[in-house]
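Engineer:
Residue numbers (my numbering): 1463 to 1866.
#1: Run the CB neighbour count on residue 1678, radius 10 Å, all protein chains shown included, and call it buried at 16 or more, exposed below.
#2: In chain order, which continuous runs of the beta strand (DSSP E) of length 3 or greater are located wholly inside the stretch 1796 to 1839?
#3: Going by beta carbon distance, what residues of the same chain come within less than 8 Å of residue 1555, once the five residues before and after it are set aside?
#4: Using the Cα positions of residue 1633 and residue 1669, report the straight-line distance between them to the nearest angstrom.
#5: Do you know whose CA, among 1600, 1770 and 1493, lies nearest residue 1730's CA?
#6: DSSP three-state call for residue 1868: helix, strand or coil?
#7: Candidates 1824, 1815, 1660 and 1514: which alpha carbon is nearest residue 1526's?
#8: Within a Cβ cutoff of 6 Å, which residues of the same chain sit near residue 1502, ignoring the five residues on either side of it in sequence?
#9: Whole angstroms is fine: what's the gap from residue 1844's alpha carbon to residue 1686's?
#10: Within 10 angstroms of the Cβ of residue 1635, are there 16 or more other Cβ atoms? Answer buried if so, exposed if not.
#11: Classify residue 1473 as buried or exposed, calling it buried when 16 or more other Cβ atoms lie within 10 Å of its own Cβ.
#12: Keeping to the same chain, check which residues put their C-beta closer than 6 Å to that of residue 1663; ignore five residues upstream and five downstream.
#13: In three-state DSSP terms, what is residue 1580?
#14: What are the uninterrupted segments assigned as beta strand (DSSP E) that are 3 or more residues long and contained completely in the stretch 1516 to 1568, given in chain order?
#15: Can you give me the Cβ contacts of residue 1722 inside the same chain, cut-off strictly under 6 Å, excluding the 5 residues immediately before and after it?
#16: Report the partner residues of residue 1714 according to the DSSP bridge assignment.
#17: When the Cα of residue 1766 is compared with those of 1807, 1534, 1817 and 1661, which residue comes out closest?
#18: Under the assumption that residue 1535 contacts residue 1512 (Cβ atoms under 8 Å), give the Cβ distance between them as a whole number of angstroms.
#19: Looking at residue 1718: is its Cβ nearer than 8 Å to the Cβ of residue 1692?
#20: Kindly list the residues whose CB is nearer than 6 Å to the CB of residue 1801, restricted to its own chain and excluding five residues on each side of it in sequence; keep chain order.
#21: For residue 1847 versus residue 1825, is the C-beta spacing smaller than 8 Å?
#22: Does the Cβ of residue 1523 have 16 or more other Cβ atoms within 10 Å, making it buried, or fewer, making it exposed?
#23: Using beta-carbon positions only, say whether residue 1789 and residue 1763 come within less than 8 Å of one another.
#24: Tell me the DSSP secondary structure of residue 1501 in three-state form.
#25: For residue 1492, count neighbouring Cβ atoms within 10 angstroms of its own Cβ and tell me buried if that reaches 16, exposed if not.
#26: Does DSSP put residue 1489 in a helix, in a strand, or in coil?
#27: Buried or exposed for residue 1780, please, with buried defined as at least 16 other CB atoms from any protein chain shown within 10 angstroms of its CB.
#28: Return yes when the Cβ of residue 1713 is within less than 8 Å of the Cβ of residue 1748, no when it is not.
#29: Within a Cβ cutoff of 6 Å, which residues of the same chain sit near residue 1588, ignoring the five residues on either side of it in sequence?
#30: Take residue 1676 and list the residues in its own chain whose beta-carbon comes closer than 6 Å to its own, dropping the five residues that flank it on each side.
#31: Report buried or exposed for residue 1834, applying the criterion of at least 16 other Cβ atoms within 10 angstroms of its Cβ.
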């Protein structure tokens, strides 16, 4: 039964896409707003999970951490979010739920792990309205977009010494984006008029190398390198006025990713972690829009984890792992010529299960993205995440015991 569950969950993940959260600013670039994901544990303290060695959960960003596994692990999760969007013309709010990540990893031998994963890469989810007039009739113009990119592939991690681990990832970036512009009026006798419908199919291949070093039992340092990668676009543009369709193909580039992370275990009950991620978008030549509209992206996060007791403490709340952190991001797209920045605070708890071998991670993130004066709009984002990390010796059978 356990093997069947494992196989079915893997097949389900293969046929599923994982998206980041939507944003009114996501229509500013063909790729949408980019997002990184490390682990459900790290989501509680500023996403700073690059240097976290975790034998219970999966680190989706640093493949080197797979060498820490002691048994087969499964990690799956999603989020609920509310986004309050404000611009000079009004306020709107939107709620939605989204599957976010799935991963499964097996131990090939001690210090060597292999994993399959799917995580979000980017998302486009926007709707812009404005008023226009034609022939004495007032029209409402609506431009909207939806879709995004997902990332899936294989990770491998190897412990080359007691203090060092190295890993590699081979991944596929894929997704579809649909954009349309529609005109409509409240007057009778007029039907909504679809001016154009644009469908984009994206496909690219990438990879990364990660290291996780532990010079002392309390201190860890990690790094990740993902080179610039090509991505293929198949575009289908339907133009209603001429009843025509145009099919085009093009190849663009995605910026590389460079990251460094640190963690320090002050005591068995207190851990801190921090990380810096950098994407040099301004150095990429082949982009869907002119380079001046892109800028280098930076993300900085940090936080701490406090465990007041042990997993078997009689008082339930002493067993929990309490987390808090802060995160800053500067997106790769600009809005009205100004940087699009975000500021976030996070809080989370980890609930150990089965004598600490499994864990449920819950986290809450609240933040602000954009500025009405500089960017023409602002978003207040509340996101609640849940992730479950399970482990079992799925492929190990005990030998039968024969009795006389």
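Idealized CB from N, CA, C, for every residue including glycine.
Structural biologist: Looking at the coordinates:
#1: exposed
#2: 1800 to 1815 and 1820 to 1831
#3: 1544, 1545, 1546 and 1547
#4: Answer to the nearest angstrom: the Cα atoms are 6 Å apart.
#5: 1770
#6: For residue 1868 there is no data in the structure shown, the boundaries of the chain being 1463 and 1866.
#7: For the options 1824, 1815, 1660 and 1514, the alpha carbon positioned closest to that of residue 1526 is the one of 1514.
#8: 1539, 1823 and 1849
#9: Taking C-alpha positions only, residue 1844 is separated from residue 1686 by approximately 29 Å.
#10: buried
#11: Residue placement at residue 1473 is flagged as unreliable, the pLDDT there being 44, under the threshold of 50; a coordinate-derived value is accordingly withheld.
#12: 1638 and 1696
#13: strand
#14: 1534 to 1549
#15: Only 1685 and 1738 meet the Cβ criterion.
#16: 1693
#17: 1807
#18: About 18 Å separates the two Cβ atoms, so there is no contact after all.
#19: no
#20: 1792
#21: yes
#22: buried
#23: yes
#24: coil
#25: Buried.
#26: helix
#27: exposed
#28: Pairing residue 1748 with residue 1713 gives a Cβ-Cβ distance under 8 Å.
#29: 1486, 1488, 1489 and 1607
#30: 1625 and 1682.
#31: exposed
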